[in-house]
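Heads up, the thing below is written out as structure tokens.
Protein chains: 2
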Amino acid sequence: MTELRTLKVALLGCGNVGAQVARILIDDAGTLAPRTGARLELAGIAVRNLDAERDVDLPRDLFTTDGETLVKEADLVIELMGGIEPARSLILSAIQNGASVVTGNKALLAADGPALYEEADKAGVELSYEAAVAGAIPILRPIRDSLSGDRITRVLGIVNGTTNFILDQMDSTGAQFADALAEAQRLGYAEADPTADVEGHDAAAKAAILASLSFHTRFDLENVYCEGITRVSAADIAAAKEAGFVIKLLAIAEKITATGTETAGNEGVSVRVHPTLLPREHPLAAVRGAFNAVFVEAENAGELMFYGQGAGGTPTASAVLGDLVSAARRIVLGGPGRIESTTGHVPALPIDAATTSYYIGLDVADQPGVLAKIAQLFAEHGVSIEIMRQTIHRDADSNVESAELRIVTHRASEAALAATVEAVKALDVINSVTSVLRVEGA
Amino acid sequence: MTELRTLKVALLGCGNVGAQVARILIDDAGTLAPRTGARLELAGIAVRNLDAERDVDLPRDLFTTDGETLVKEADLVIELMGGIEPARSLILSAIQNGASVVTGNKALLAADGPALYEEADKAGVELSYEAAVAGAIPILRPIRDSLSGDRITRVLGIVNGTTNFILDQMDSTGAQFADALAEAQRLGYAEADPTADVEGHDAAAKAAILASLSFHTRFDLENVYCEGITRVSAADIAAAKEAGFVIKLLAIAEKITATGTETAGNEGVSVRVHPTLLPREHPLAAVRGAFNAVFVEAENAGELMFYGQGAGGTPTASAVLGDLVSAARRIVLGGPGRIESTTGHVPALPIDAATTSYYIGLDVADQPGVLAKIAQLFAEHGVSIEIMRQTIHRDADSNVESAELRIVTHRASEAALAATVEAVKALDVINSVTSVLRVEGA
Chain C
1 MTELRTLKVA LLGCGNVGAQ VARILIDDAG TLAPRTGARL ELAGIAVRNL
51 DAERDVDLPR DLFTTDGETL VKEADLVIEL MGGIEPARSL ILSAIQNGAS
101 VVTGNKALLA ADGPALYEEA DKAGVELSYE AAVAGAIPIL RPIRDSLSGD
151 RITRVLGIVN GTTNFILDQM DSTGAQFADA LAEAQRLGYA EADPTADVEG
201 HDAAAKAAIL ASLSFHTRFD LENVYCEGIT RVSAADIAAA KEAGFVIKLL
251 AIAEKITATG TETAGNEGVS VRVHPTLLPR EHPLAAVRGA FNAVFVEAEN
301 AGELMFYGQG AGGTPTASAV LGDLVSAARR IVLGGPGRIE STTGHVPALP
351 IDAATTSYYI GLDVADQPGV LAKIAQLFAE HGVSIEIMRQ TIHRDADSNV
401 ESAELRIVTH RASEAALAAT VEAVKALDVI NSVTSVLRVE GA
Chain Z
1 MTELRTLKVA LLGCGNVGAQ VARILIDDAG TLAPRTGARL ELAGIAVRNL
51 DAERDVDLPR DLFTTDGETL VKEADLVIEL MGGIEPARSL ILSAIQNGAS
101 VVTGNKALLA ADGPALYEEA DKAGVELSYE AAVAGAIPIL RPIRDSLSGD
151 RITRVLGIVN GTTNFILDQM DSTGAQFADA LAEAQRLGYA EADPTADVEG
201 HDAAAKAAIL ASLSFHTRFD LENVYCEGIT RVSAADIAAA KEAGFVIKLL
251 AIAEKITATG TETAGNEGVS VRVHPTLLPR EHPLAAVRGA FNAVFVEAEN
301 AGELMFYGQG AGGTPTASAV LGDLVSAARR IVLGGPGRIE STTGHVPALP
351 IDAATTSYYI GLDVADQPGV LAKIAQLFAE HGVSIEIMRQ TIHRDADSNV
401 ESAELRIVTH RASEAALAAT VEAVKALDVI NSVTSVLRVE GA
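Protein chains in written order, with the UniProt record's numbering: chain C, 1 to 442; chain Z, 1 to 442.
Right, dumping it as structure tokens:
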């Protein structure tokens, strides 16, 4: 066996994921060395508080509060501190020092990715971030490398385990959102302040990253339309279920081409996060609990799906280590880091330019001619109806009848749909619009 | 826009996949160039017969019968001829000439992969073969790169679309194997001579490649136990269905560790292909028709699944082009090709060392004490029973009763199971052993 060189690894942050990365680097050193072509030596761990409790028992002498000095001695830097500063400055310092960087910091990438990628390119080092989207699931590397000769047309991702757990609970138990959220908090799937998850902000940052790699163009958070799951009711879920659908919070990045008059002048990419109906037979519909999955449609490859654990210290550490070993192999071989494939200038489109099918629930007066009136109004707005179903309820006590109307449309633009809904609301036969939800995968 | 350099691409073979690769290289040249960092120029296509019919209309002057000369002028060579020779000689010639090679030739890789990888390493060029396993699905690169910091413990793959289509037909329509095969042939999913597919040979070659990358050790066809689907009956499928299972032909590569006495001295990797029962709720159970999927279990990442189209000219061309663009990017950046991660020396184990659960169907005499006798015999052989269910049938005409016994065992070794089945057969209360099938994913 030839003598292997040693590469020094600096770890910034030692939370949930960081502690597992440190454990694996120490415990699996013997396994990682031959497949890397170098010994990966954990040179130190920078933390804010030396005395904090850790998930894993690690040697005390590895810890330091001086990240800046640690980074300067490293061949490879792993940033798992989260937040913008000091993560950003330490990453820049590492890159300028010639170290390759692995990060899972989606907030930083969504906020300031382009500047970081540019610095890495200039320095000829790798900046990789598989852990930032969908935890353990290899999705960024397949999009960047395996699909580099194809044209991705659409990405649909369940990329937030918290919201998928909540929606799955609501679907399987009939619970209301607030109760399902409480259950998720009790089980540790949701944080005490669940805003970033349930309002879709976490998924939106991931959508921006997925869209950037899929469409070879930099998109940031401002390009992402974002709607969370707080307004999804048990009634919505039940109605969807009855109609053969399941409601998922999807991160969507989709190429829009000008085929119809509605979208003329609107060629580009729609990046969005919103609750979405999926047919129960769609591969994404079977993604239960806190699991994640990303469904990719490409012109040549067709439909692909990547499925696995989207969070958790150990699974996410697997993604970090995959990036680390790949970057280390590149250092061993010599030559600069990877080429970035962000070469395009595809415009990001507003949500109005997206076209999907819609599910619309209406509480209507039980009178003759109501269906015809509504159908006529949809037609006037250029929105074609695929399915229309009316259910009559009779209140046993009052003997008053009410009617519920459920409509699934063909693909229509957001703008056309919004105008239709406004017009429907104004009809005297309409008591209320109970839900408007987008449908994908039908 | 800076002037891009041109890389010459030689294509060997112009069948189903090759013709689509040529089409994409020509039609998408403008898209591929900026994301590659070089213009990819299709310099020529080597074929046996210049006048053969092609799936795609391609410029006549690209075609040549002189593969050897074509290869010598190329920076990148795509081999899609299939078979051992002249594919092998042309690939070696390309490598020695400093060209990176992309191939989808699983037969060649299974037969002579190690010699080819070694030559590529020596020459500092890339030899990539994503298209050889599971068509369009990015699976080899994720295993090689994304999971390089993890330890894979098990891979379960539906990697042959023909057999998955046949089994799915049998499952959904109740058809016998012969009828489902005929339907697959009629629809073009099975070839006139379906041996390579239905006997599991195609899946076995893919299993060897998956095992080699997953366990960092070279395994070849001789290390793979192979059992096809020709003996799977409609009755097997129906019984499995009733018990909540679906039968799939799985390519399995599994790490076996010596935890029990049964497997002592048998540490290593079991690589095998056989019809397998899967619980209907397992993610692989939902893979229908001719689709492929690979389910990967790793120590840190947990469970992952990769799903998509496993065959077809255009989907497979996507995988070829992903490899091509990645190899071209590396040439543009300079520096040698990828490091190979085949560094281990894990032994390949015979099928006897594998442990799985088993489903056993028995036609037994309807007498008191039969169940106890059989249970006793299983216990004596160290095979633990998880579920035992007896169904009594009464023939309306003869009024003769017969009993059917269905047993699902806990995990047991092949050897223990085989001994148990032999002993069961010898019991006087047994009319016949109607099926013995392995169960995974329970």
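A virtual CB, placed ideally from N, CA and C, is assigned to each residue, including glycine. Note that this is a predicted model, so its numbers are computed, not measured.
Anticipated Cβ contact below 8 Å, residue i with residue j, distance rounded
i: Z/T153; j: Z/E303; result: Rounded, the Cβ-Cβ distance is 10 Å, inconsistent with contact.
i: Z/V47; j: Z/L25; result: Contact doesn't hold; Cβ gap of about 16 Å is too wide.
i: C/G313; j: C/A290; result: Contact doesn't hold; Cβ gap of about 13 Å is too wide.
i: C/L12; j: C/L90; result: 6 Å
i: C/A134; j: C/T162; result: With 8 Å as the limit, C/A134 and C/T162 do not qualify as a contact, their Cβ atoms being about 13 Å apart.
i: Z/V294; j: Z/I139; result: 5 Å
i: C/I430; j: C/V421; result: 10 Å between Cβ atoms; not a contact.
i: Z/G104; j: Z/L127; result: Going by Cβ atoms, the distance from Z/G104 to Z/L127 rounds to 12 Å, so no, they are not a contact pair.
i: residue 483 of chain C; j: C/S435; result: A question about residue 483 of chain C goes unanswered here, because the residues of chain C that appear run from 1 up to 442.
Cross-chain neighbours of residue i in chain C, by beta carbon under 7 Å
i: Z/Y129; result: The premise fails here: Z/Y129 is roughly 12 Å from chain C at the closest Cβ pair, so nothing lies under 7 Å.
i: Z/D145; result: R141, G322, S326
Enclosing alpha helix (DSSP H) for residue i [first to last residue]
i: C/I26; result: 16-27
i: Z/I91; result: 87-96
i: C/E281; result: Run containing C/E281: none; DSSP gives neither H nor E here.
i: Z/I237; result: 234-242
i: Z/S212; result: 201-214
Residues bridged to residue i (per DSSP)
i: Z/F295; result: Z/L156, Z/M305
i: C/S270; result: C/E254, C/L349
i: Z/F63; result: Z/I45
i: Z/H393; result: Z/S402
i: C/I430; result: C/V364
i: C/F378; result: C/F378 is not bridged to any residue.
i: C/T173; result: In the DSSP output, where bridge partners are listed per residue, C/T173 has none listed.
i: C/I247; result: C/L277
Proximal residues of chain Z, C-beta to C-beta of residue i below 7 Å
i: C/G302; result: A136, G308, Q309, P315
i: C/P142; result: P138, R141, P142
i: C/H216; result: R35
i: C/A298; result: S318
Beta carbon proximity, residue i to chain C, threshold 9 Å
i: Z/A10; result: no
i: Z/A286; result: yes
i: Z/P283; result: yes
i: Z/M170; result: no
i: Z/R39; result: no
i: Z/M305; result: yes
i: Z/I339; result: Note that Z/I339 scores 41 on pLDDT, short of 50, meaning its location in the model is unreliable; the coordinates nonetheless yield the value given after this. Z/I339 counts as touching chain C.
i: Z/Q185; result: no
i: Z/G104; result: no
i: Z/G244; result: no
i: Z/V429; result: no
i: Z/D28; result: yes
i: Z/L7; result: no
Within-9 Å CB hit, residue i to chain Z
i: C/Q20; result: yes
i: C/T343; result: With a pLDDT of 47 at C/T343, under the threshold of 50, the modelled position of that residue is not reliable, and the figure given next carries that caveat. Yes, contact with chain Z.
i: C/G149; result: yes
i: C/E262; result: Unreliable positioning characterises C/E262 in this predicted model, as indicated by a pLDDT of 45, which lies under 50. The coordinate reading is nonetheless provided below. False, the Cβ-Cβ gap to chain Z never drops below 9 Å.
i: residue 466 of chain C; result: The shown model of chain C, from 1 to 442, leaves out residue 466 of chain C, and the question about it has no answer.
i: C/G289; result: no
i: C/G312; result: yes
Residue i Cβ short of 8 Å to the ligand FAD heavy atom set
i: C/E118; result: Absent from the structure shown: the ligand FAD. Ligands present: none.
Chain C residues whose Cβ lies nearer than 9 Å to that of residue i
i: Z/L32; result: S148, G149
Interface flag, residue i vs chain D, CB-CB below 9 Å
i: C/R329; result: Of the chains in the structure shown, none is chain D; the protein chains are C and Z.
Where residue i meets chain C, residues with beta-carbon distance less than 8 Å
i: Z/I24; result: G149, N300
Opening and closing residue of the beta strand (DSSP E) in which residue i lies
i: C/S326; result: First-last for C/S326: 313-333, but that is the alpha helix (DSSP H), not the beta strand (DSSP E).
i: Z/V198; result: Premise fails: Z/V198 lies in the alpha helix (DSSP H), 195-198, not in any beta strand (DSSP E).
i: residue 443 of chain Z; result: This structure does not reach residue 443 of chain Z, given that chain Z is present from 1 up to 442, and the question cannot be answered.
i: Z/L76; result: 76-79
i: C/S100; result: 100-103
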